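Count along the sequence shown from 1, add 7, and you get the number used in this note's numbering.
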Amino acid sequence: MPKLPVESEEIVMRRITSHLQSHWPNALYHVDFGSGANLTKAQAGKQIMLNGRRGHPDIVIYEVRGSFAGLAIEVKRESERIYKRDGTPVTEHVGEQMKYLGEMAARGWYAVFGVGAPDCIQLIDDYLGGKLEPESDQD
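As structure tokens, then:
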């Protein structure tokens, strides 16, 4: 059986936002415009200039659930790895993303990596449905 092509990050983001709009229409959320987009050099420069630091998550849901202030997801495509075999971040940028998610978690957010649209959608449904507890393992 041939392997299906891996969806681009843009397609993954579209699937996730379509799910949010259809299943959680009243949820307040923001999607990072640069996520999966092919920005021009000028646009990328503006994005860097306006955002004081790197690593901001791709999706931020501004809905309190339980003891969590909100949900933050750094979206990765199905084929993307987060860790090397030795347990370190696969790239410096992923390390920056891990640090940012850790800082958000320290401030009361449920902040995680999501790999592929199905994983991210499940995270969103579990979070907004009130199924996640503070003791849950966060990446």
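We put the CB at the ideal spot given by N, CA and C, even for glycine.
From a predicted model like this one, the values you see are computed outputs, not experimental measurements.
Could you tell me the distance, in whole angstroms, from the CA atom of residue i to the CA atom of residue j?
i: residue 133; j: residue 119; result: 13 angstroms
i: residue 138; j: residue 91; result: 30 angstroms
i: residue 151; j: residue 56; result: Residue 151 falls outside the range modelled here, since the chain spans only 8 to 146, and no answer is possible.
i: residue 34; j: residue 69; result: 7 angstroms
i: residue 113; j: residue 85; result: 27 angstroms
i: residue 12; j: residue 76; result: 36 angstroms
i: residue 27; j: residue 48; result: 30 angstroms
i: residue 51; j: residue 71; result: 31 angstroms
i: residue 100; j: residue 109; result: 14 angstroms
i: residue 115; j: residue 18; result: 30 angstroms
i: residue 111; j: residue 136; result: 21 angstroms
Once the 5 residues before and after residue i are set aside, which same chain residues still bring their CB inside 7 angstroms of it?
i: residue 38; result: 20, 24, 65, 66
i: residue 80; result: 64, 65, 66, 119, 121, 127, 130
i: residue 62; result: 103, 104, 106, 107
i: residue 143; result: Confidence at residue 143 is low in this model, with a pLDDT of 47, below 50, so its placement is unreliable and the value that follows should be read with caution. So the list is empty, once near-sequence residues are dropped.
i: residue 36; result: 27, 66, 67, 68, 69
According to DSSP, is residue i helix, strand or coil?
i: residue 27; result: helix
i: residue 37; result: strand
i: residue 110; result: helix
i: residue 143; result: With a pLDDT of 47 at residue 143, under the threshold of 50, the modelled position of that residue is not reliable, and the figure given next carries that caveat. In this structure, residue 143 counts as coil in the three-state DSSP scheme.
i: residue 76; result: coil
i: residue 125; result: helix
i: residue 69; result: coil
i: residue 83; result: strand
i: residue 19; result: helix
i: residue 119; result: strand
Give me, in chain order, the residues of the same chain whose beta-carbon lies closer than 6 angstroms to that of residue i; leave out the 5 immediate sequence neighbours on both sides.
i: residue 78; result: 68, 117, 134
i: residue 22; result: 124
Taking C-beta to C-beta, are residue i and residue j nearer than 8 angstroms?
i: residue 88; j: residue 97; result: yes
i: residue 160; j: residue 16; result: This structure cannot speak to residue 160, because the chain is shown only from 8 to 146.
i: residue 140; j: residue 94; result: no
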